[in-house]
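Take 319 as the starting number for the sequence shown in the working numbering and just add one per residue.
Using N, Cα and C, we set each Cβ at its ideal position, and we do this for glycine too.
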Amino acid sequence: MRFLVNIGAMLLVALVVGFGLSWHALTDGRLFGAIAIGPWQAWKDVGTPSPDPYTRAFIARSGSLELGISEGIQFIATTDSDNRRLDRGCRYRIDGNTPAARFWTLVPVAPDDGAPIAREDGPTDFHSARLSRAGDGSVALYVSKTLAPQNWLEITGEGPFDLMLTLYDTASFSGTTSEITALPAIIREACT
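Structure follows, in structure tokens:
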């Protein structure tokens with residue numbers, strides 16, 4: 319009898335772990351198939367001829383049209399650099415240098431559907447061609463509901479949000495240069 323109980327317990331553990339890991343991989347498998355640089359995460363095998371199984375599951379589940387490996391790479395941040403969830407009631411400074419790319423965009427989006435949350439009658443994103451930069455080429459971008467200095471993007475609504483950084487026509491991850499090692503920090507400055 320004890321033998322059957324042990325077998326049953328082992329099968330139960332195996333099923334829970336197996337189905338749990340499968341569910342996690344299909345809903346948010348970044349632990350397995352993605353890279354993380356500070357608060358930024360990306361699926362580096364999206365757009366390759368043979369992505370890993372977790373990346374394939376992400377593409378199938380999201381149903382979105384992804385960039386090819388030679389076209390660019392998209393990073394998503396759901397937390398700030400101190401690992402706190404991004405909140406529309408706070409002001410954030412995105413500070414630092416962006417990796418080498420011909421063009422890039424930074425868009426604040428709703429976490430559930432990816433819709434832009436910037437004010438309707440204003441700019442919806444930051445992009446590399448419309449910024450003031452410091453002398454060393456670094457940027458200080460502000461995302462908030464309240465007025466901020468220099469490069470500021472006003473957002474609307476309540477609750478959490480994500481930041482989507484897309485690097486277009488970048489040599490990173492294409493095999494011609496080294497991988498991206500640093501992305502801008504996301505610093506929470508104040509909350510209402």
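query                                                                                                                                 : result
Counting Cβ pairs closer than 8 Å, one from the region 418 to 431 and one from the region 480 to 487, do we hit at least three?       : yes
Measuring only the C-alpha atoms, how far is L459 from R406?                                                                          : 15 Å
Does the region 466 to 482 touch the region 437 to 451, meaning 3 or more C-beta pairs lie closer than 8 Å?                           : yes
Output the boundary residues of the beta strand (DSSP E) element that contains I394.                                                  : G390 to A395
Indicate the three-state DSSP secondary structure (helix, strand or coil) for A327 in the structure shown.                            : helix
Please name the residue in F421, A418 and K362 whose C-alpha comes closest to that of L394.                                           : A quick correction: the sequence has Ile, not Leu, at residue 394. Cα-wise, what sits closest to I394 is K362.
Is the beta carbon of P429 sitting closer than 9 Å to the one on L501?                                                                : no
Taking only three categories from DSSP, how would you classify W470?                                                                  : strand
Around the C-beta of R409, are 16 or more other C-beta atoms found within 10 angstroms, so that it is buried, or is it exposed?       : buried
Looking at D413: is its Cβ nearer than 9 Å to the Cβ of R506?                                                                         : no
Relative to the C-alpha of L465, which candidate in T396, I325 and A508 has its C-alpha closest?                                      : A508
Spatial neighbours of R451 within its chain, please: C-beta separation below 8 Å, excluding the five flanking residues on both sides. : V457
Taking the straight line between their C-alpha atoms, what separation do you get for A352 and W358?                                   : 10 Å
Pull up the DSSP beta-bridge partners for P426, would you.                                                                            : L481
Rounded to whole angstroms, what's the CA-CA distance from G455 to R448? Just pull it up for me.                                      : 13 Å
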